[in-house]
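To start, the structure under review is shown below, and the notes come after it.
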Amino acid sequence: MVNQEVVQGTDTPLEQKSDDILITLFQSGEEGVFRILVDRHKERVRNLIYSIFSDASVVDDIAQDVFIRTYEALPKFRFESSFYTWLYRITVNKCRDEMRKKKMRKFFSLHAMLDGSEAELQSKIRVNPEDNSTQELIAIGLKQLPEKFRIPIILKDIDGMTYEEISEIMQCEIGTVKSRLFRARTMLRNVLKPLLES
Amino acid sequence: MKKLSPKEFSQSLSLYLDGALDEQSRHEFKAYLAANPKAASELEILKKQQQLLKSQPAIPSNEWFWQRLSARLEKERKRRETVYPFSRKYLPIAASLAVLIAASAGVLLFQQRSLLTKFFFEKKEEVQHLYQENILQGKLLPLFSSLNKDQVLQFAFFGTLPLDAQANTALRVDESEENGSRIEFAKNETKQHPQVTVQEFCDAVDATPAQQRIVDSILTSAKEKIEKSVFLGENKALAVHADLAKFNRRTMSHLAASLDLPQRKKFQKFLITSHSPYTFAVVAAPTPRTDARAPRSARMEQFVVITPESCSLAQINVDLENIRQNIELTAQEFQSVNARAHALIREFSAHARLPRTPNPSFRVFSDSDYFSVRVENNALEPSRDEMPFEVMARAPQAIRFRYESQEMPEIEKFFNDDSEPSIQFFSNGSRKPSAEARKFDPLRRRGIDLDSLINLPRDRKSQPRVNQIKKRYNNPFEL
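For the record, the sequence lines run as chains A and B.
Mapping of the first sequence onto our numbering: position 46 corresponds to residue 46, and the numbering continues sequentially without gaps.
Heads up: take any position in the second sequence, counting from 1, add 1000, and you land on our numbering.
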């Protein structure tokens, strides 16, 4: 159906065409449509990265790496999922790579943190509402969550994705998503307890 | 609804918040919340947390995002084009083509290997020729161009050639080296051998006129070989044929082959009476040698070339006719050749100026009395001029058993047996037999255990004699 629409052509401007049509055009040699895809999805990608890292200075570099990877892999896109899910998977994988690099740099402190019990963890990362603004506190709280809990809560509660989409992006079972999500919410609730109960 | 554990409550609360509970569970949990105000407050807190997360401000947009991205994309594209001069989608085709071309080239090279071998061999010869032109400059003057046949026979019997009569200098070959041979230029030839003439030899073996002509032909051929084997270059270079040490035994073998069986016995006696260091032995017929190496040029010969600056093995094209013409043109110059050679040898010997050779397979030694060239067999290319019979270098001095151990009829019979297919000469030099010679030990080849023979008489009276024989056998050159 996508190809038929492309072949027949319509008067619809390229900017208004669906992702699938633009990708088909890209795969047929119209590489100029890649800019439309970038413009359409760049803010979501940038905000996802910002939510994960809570650091504006790394957002654009990582986002550009994501789109370069997308540009290279787009010829092999098989329309088995939606483009933005696929793009988010690339983004999440890229963020994981970056976090691993950072983890290596902070190996000892983070290692000690993850090795402790959950209560010990909460006591270490509990935020003080008097010190920071609400947004900053939430950002700090999110940042303290381990990666496998942080990403599901961001995708669900910030980006509003479904369990199916999250499982596809994180390449895990829906049950795992549900489990991680309730644990992430509980952990974040305990971290933000002073803020939420004030 | 039953009472929930904290974990079950948190899980259900999360699912309820997301609307992921089924209809029945949702109603039950709603009732549970209504009945438990604390649980309901937890729901409110979780909703508040969700709202706070959603209210997180977005990151400001970057107006230059595309410009930076397009610049990086362009850079990446150029990098890929640098690595592959074509689009990446053609990479599998290019790889397949590369493999195909490589395989075709391999097959082509394999099919044309003989031509390639010939081509590279010719190139190698050209390079060698250029090299040899540099180390052997000017005319080549043969040191032994005026030998008579008696001197050739003398060389065959004793491995010695007179070099300079006034200085009493001689060239001596010695093939007793382990897996090799030695060519010596003796400043003072101390070993005085009896003179042997062709006529004495023919008389001793009762040679027929036809055999005399054959002997004459053999000695003429040997004379020419010797003449082509030692040269003096005008640039103080001495070139010695690497196979020179084999020529005398080869001549002896040819002479023996020209005789009948009874005459060979006479020849054997003549060798003994003339104190020649060679004797007969019996070996199996030689197996033809197969040479897998590239064919050598018919005109190239392998020489050891010694100059004051270098010492090397070299392929030299010897055109004897041309050399002879030069000799005729410069007869006066030729008269001083041997004297010049002697002076050069004396210079090499006295001052020990010989350089180290780059090839460990041949070495040059010198002291105040002589200098010598030691050539290992593996340094040489196989000669196409093989002997009619397999002729070995040194071996146990078998002939002595014939006369000294009368009590050993089996050994005596062995050495008098004429029914063997071929003949071998042994030299009774001053060194131990080579490993190869031991392998061809005639006793062992015939299954005769010397120990069992000489250990037969074990009485006190005969034991010293047995020990003496045993010692001589094991150290046959210790006299």
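Positions of the beta carbon are idealized from the N, C-alpha and C atoms, including for glycine.
>> Measuring only the C-alpha atoms, how far is A1039 (chain B) from L1033 (chain B)?
In response: A1039 (chain B) and L1033 (chain B) have their alpha carbons spaced roughly 6 Å apart.
>> I believe F1303 (chain B) touches A1239 (chain B) by the beta-carbon criterion, under 8 Å. Please report the beta-carbon distance rounded to the nearest angstrom.
In response: The pair is a contact, with the Cβ atoms about 4 Å apart (cut-off 8 Å).
> Would a check of beta-carbon distances place T26 (chain A) closer than 9 Å to chain B?
Replying inline: It should be noted that the sequence gives Phe, not Thr, for residue 26 (chain A). No Cβ of chain B is located within less than 9 Å of the beta carbon of F26 (chain A).
> When Cβ atoms are compared, which residues of the segment 1048 to 1067 of chain B fall closer than 7 Å to chain A?
Replying inline: Residues K1048, Q1049, Q1050, L1052, L1053, K1054, Q1056, P1057, A1058, I1059, S1061, N1062, F1065, W1066.
> Is there a Cβ from chain B that is less than 9 Å from the Cβ of Q78 (chain A)?
Replying inline: Before going further, note that residue 78 (chain A) is Arg rather than Gln in the sequence given. Chain B, which has no Cβ nearer than 9 Å to the Cβ of R78 (chain A), makes this no.
>> For Y50 (chain A), which residues in the same chain have their Cβ closer than 7 Å to its Cβ, ignoring the five residues on either side in sequence?
In response: Within the same chain, Y50 (chain A) has close Cβ partners A56, V59.
>> Restricting to Cα atoms, I'd like to know which of A:G141, A:R183, A:Q171, A:S28 is closest to T91 (chain A).
In response: Just measuring C-alpha positions, the residue of A:G141, A:R183, A:Q171, A:S28 sitting nearest T91 (chain A) is A:Q171.
>> Could you tell me the alpha carbon to alpha carbon distance between S1012 (chain B) and P1092 (chain B), rounded to whole angstroms?
In response: Rounded to the nearest angstrom, the two C-alpha atoms are 53 Å apart.
> How would you label L1141 (chain B), buried or exposed, when you count the other beta carbons within 10 angstroms and need 16 or more for buried?
Replying inline: L1141 (chain B) counts as buried, since no fewer than 16 other beta carbons sit within 10 angstroms of its beta carbon.
> Does DSSP classify R1374 (chain B) as helix, strand or coil?
Replying inline: Three-state DSSP puts R1374 (chain B) in a strand.
> Under a three-way DSSP split, which group does S1312 (chain B) fall into?
Replying inline: Note: S1312 (chain B) maps to strand in three-state DSSP.
> How about T134 (chain A): is its C-beta nearer than 9 Å to some C-beta of chain B?
Replying inline: Yes, T134 (chain A) counts as interfacial toward chain B.
> Would you call K1003 (chain B) buried or exposed, if buried means 16 or more other Cβ atoms sit within 10 Å of its Cβ?
Replying inline: Exposed is the call here.
> So who's on the other strand from H1241 (chain B), going by DSSP bridges?
Replying inline: Answer is B:F1303, bridged to H1241 (chain B).
>> Along the segment 40 to 51 of chain A, where does the CB come closer than 8 Å to a CB of chain B? Name the residues.
In response: Answer in chain order: K42, E43, R46, N47, Y50, S51.
> With a cut-off of 9 Å, does the C-beta of F83 (chain A) fall near any C-beta of chain B?
Replying inline: Interface residue (Cβ-Cβ distance to chain B less than 9 Å): F83 (chain A) is not classified as such.
> When we look at the beta-carbon of R1394 (chain B) and count the other beta-carbons within 10 Å, is it buried (16 or more) or exposed?
Replying inline: At R1394 (chain B) the pLDDT is 35, less than 50, meaning the model places this residue with poor confidence; the figure from the coordinates comes in the next sentence. Around the CB of R1394 (chain B), 16 or more other CB atoms lie within 10 Å, so the residue is classed as buried.
>> Within 10 Å of its beta-carbon, does I169 (chain A) have 16 or more other beta-carbons around it, so buried, or fewer, so exposed?
In response: Classification for I169 (chain A): buried.
> Name the DSSP beta bridge partners of P1162 (chain B), please?
Replying inline: Beta-bridge partners of P1162 (chain B) (DSSP): B:A1170.
> Going along chain A, which residues have a C-beta under 8 Å from L1046 (chain B)?
Replying inline: Within chain A, the residues near L1046 (chain B) are R185, R189.
> Who does I1183 (chain B) pair with in a DSSP beta bridge?
Replying inline: Answer is B:V1173, B:V1373, bridged to I1183 (chain B).
> Since L37 (chain A) and D19 (chain A) are thought to touch, with beta carbons under 8 Å apart, how far apart are those beta carbons, to the nearest angstrom?
Replying inline: With a contact defined as Cβ atoms closer than 8 Å, L37 (chain A) and D19 (chain A) qualify at about 7 Å.
>> Just to make sure I have the definition right: I need the residues of chain B whose C-beta is within less than 9 Å of the C-beta of Y163 (chain A). Which are they?
In response: By Cβ distance, chain B contributes D1018, A1020.
> Where does V1364 (chain B) sit, in a helix, a strand or coil, going by DSSP?
Replying inline: Strand at V1364 (chain B).
> Could you give the distance in angstroms between the alpha-carbon of C1202 (chain B) and the alpha-carbon of Y1278 (chain B)?
Replying inline: Taking the straight line joining both Cα atoms gives about 18 Å.
> Any beta-carbon of chain A closer than 9 Å to the one on Q1024 (chain B)?
Replying inline: No, because no Cβ of chain A sits closer than 9 Å to the Cβ of Q1024 (chain B).
>> Classify P1409 (chain B): buried if its beta carbon has 16 or more other beta carbons within 10 angstroms, exposed otherwise.
In response: At P1409 (chain B), the pLDDT of 41 sits below 50, so the modelled position is not reliable; the number obtained from the coordinates is stated separately. Flag for P1409 (chain B) reads exposed.
> How long is the line joining the alpha carbons of Q1024 (chain B) and L14 (chain A), rounded to whole angstroms?
Replying inline: Q1024 (chain B) and L14 (chain A): Cα-Cα distance of roughly 47 Å.
> Can you tell me whether Y71 (chain A) is buried or exposed, with buried defined as 16 or more other CB within 10 angstroms of its CB?
Replying inline: The residue is buried, with at least 16 neighbouring Cβ atoms inside 10 Å.
> Thinking just about the alpha-carbon of each residue, which of B:V1375, B:T1307, B:Q1050 is nearest to the one in G1233 (chain B)?
Replying inline: Scanning B:V1375, B:T1307, B:Q1050 for the CA closest to the CA of G1233 (chain B) turns up B:T1307.
>> So with CB distances below 7 Å, who are the chain B contacts of A73 (chain A)?
In response: In chain order: nothing, as chain B lies at least about 12 Å away.
> Within this structure, are the beta carbons of L1153 (chain B) and I1226 (chain B) separated by less than 9 Å?
Replying inline: With a cutoff of 9 Å on beta-carbon distance, L1153 (chain B) and I1226 (chain B) are scored as not near each other.
> If you compare alpha carbons, which of B:L1163, B:H1193, B:L1255, B:F1270 is closest to A1481 (chain B)?
Replying inline: No answer is possible for residue 1481 (chain B): it lies beyond the span of chain B, which begins at 1001 and ends at 1479.
> When you compare each of B:L1255, B:R1026, B:Q1049, B:P1006 to S1217 (chain B) by their alpha carbons, which one comes out closest?
Replying inline: When B:L1255, B:R1026, B:Q1049, B:P1006 are compared, the shortest CA-CA separation from S1217 (chain B) is found for B:L1255.
>> Just to check my reading of the structure: H1342 (chain B) and L1115 (chain B) have Cβ atoms closer than 8 Å, yes? What is that Cβ distance to the nearest angstrom?
In response: Taking the Cβ atoms as the reference, H1342 (chain B) lies roughly 48 Å from L1115 (chain B), outside the contact range of under 8 Å.
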